[in-house]
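For the sequence shown, position 108 (counting from the first letter as 1) is numbered 417 according to my numbering, and the numbering increases by one without interruption.
In what follows, a structure is listed as structure tokens, so that the remarks can point back to it.
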Amino acid sequence: MKKVLTYGTYDLLHYGHMELLRRAKELGDTLYVGLSTDEFNSSKNKVSYFNFEQRKQMLKGVKYVDFIFEENDWEQKARDIEQYDIDILVMGSDWEGKFDYLSGLCEVIYLPRTEGVSSTKIKEILQADQND
């Protein structure tokens, strides 16, 4: 049984997120998602529209996701891979090369982002609409 792991904030859950989760799940049997906590996002100067529990509830409704846990810091990835006996780490192509150091623990795959959609872009559009 192959276990796949990915990480993210998954704020304003959208088609691009669904595509990443779908393609990640296709690589194995079980998909684990490390969901960034509000505190971790804050340390990255990132503000989510939905809080951690709300984002977790949304992810629970996604049929591709089998297990969700907290992502609290950058350094936990190696521990998570070992703890959950992960076979494949999947990240978006915008992270290309940044997690290659984990390839001794599992296979690392970078999937292309879905063109034309991102949480940042959605937030910018919503903000522009408020300013009109």
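Positions of the beta carbon are idealized from the N, C-alpha and C atoms, including for glycine.
field: Presumed contact (8 Å Cβ cut-off) between L420 and L411, rounded CB distance
entry: As a first step, residue 420 is located in the sequence shown; it is residue number 111 there, counting from the start. As a first step, residue 411 is located in the sequence shown; it is residue number 102 there, counting from the start. Between L411 and L420 the Cβ distance is about 16 Å, and since that is not below 8 Å, they are no contact.
message: Taking 8 Å as the cut-off, does the segment 373-381 touch the segment 323-335 (at least 3 CB pairs, one atom from each stretch)?
response: yes
- prompt: Going by other Cβ atoms of all chains shown within 10 Å of its Cβ, with 16 needed for buried, is E380 buried or exposed?
  reply: In the sequence shown, the residue the question calls residue 380 occupies position 71. Buried.
Closest by C-alpha distance to G401, when choosing among R422, K311, Q385, H326: Within the sequence shown, the letter at position 92 stands for residue 401. Looking at the Cα atoms, R422 is the closest of the given residues.
Inter-residue spacing [alpha-carbon to alpha-carbon] between M327 and D320: Along the sequence shown, one-based indexing puts residue 327 at 18. Along the sequence shown, one-based indexing puts residue 320 at 11. The alpha-carbon atoms of M327 and D320 are separated by roughly 12 Å.
- request: Would you please state the rounded distance, in angstroms, between the beta carbons of D389 and G343? I believe it to be under 8 Å.
  value: Position 80 of the sequence shown, counted from the first residue, corresponds to residue 389. Position 34 of the sequence shown, counted from the first residue, corresponds to residue 343. Going by Cβ atoms, the distance from D389 to G343 rounds to 6 Å, so yes, they are a contact pair.
query: What are the complete beta strand (DSSP E) segments, minimum 3 residues, inside the segment 364-427?
result: 376-380, 397-401, 416-420
8 Å Cβ shell around Q385 - same chain, five flanking residues per side excluded: If you number the sequence shown from 1, residue 385 lands on position 76. Answer for Q385: G343, listed in chain order.
query: How should N313 be labelled, buried or exposed, when 16 other C-beta atoms within 10 angstroms of its C-beta is the threshold for buried?
result: Locating residue 313 in the sequence shown gives position 4, counting from the first residue. Looking at the sequence shown, residue 313 is not Asn but Val. Buried, by the Cβ-count rule.
message: Using a Cβ-Cβ cutoff of less than 8 Å, which residues in the same chain neighbour I395 once the five nearest sequence positions on both sides are dropped?
response: Position 86 of the sequence shown, counted from the first residue, corresponds to residue 395. If we look at I395 and ignore the five residues flanking it on each side, its Cβ neighbours are K312, V313, L314, Y341, D389, L414, C415.
query: Nearest-angstrom Cα distance between S357 and E424?
result: Looking up residue 357 in the sequence shown gives position 48. Looking up residue 424 in the sequence shown gives position 115. Spanning the two alpha carbons is a distance of roughly 21 Å.
- prompt: Based on the DSSP secondary-structure assignment, which residues constitute the bridge partners of G325?
  reply: Looking up residue 325 in the sequence shown gives position 16. Answer by DSSP bridge pairing: none, since G325 is not bridged.
- request: Identify whether S357 lies in helix, strand or coil by the three-state DSSP scheme.
  value: As a position in the sequence shown, residue 357 is number 48, starting the count at 1. Note: S357 maps to coil in three-state DSSP.
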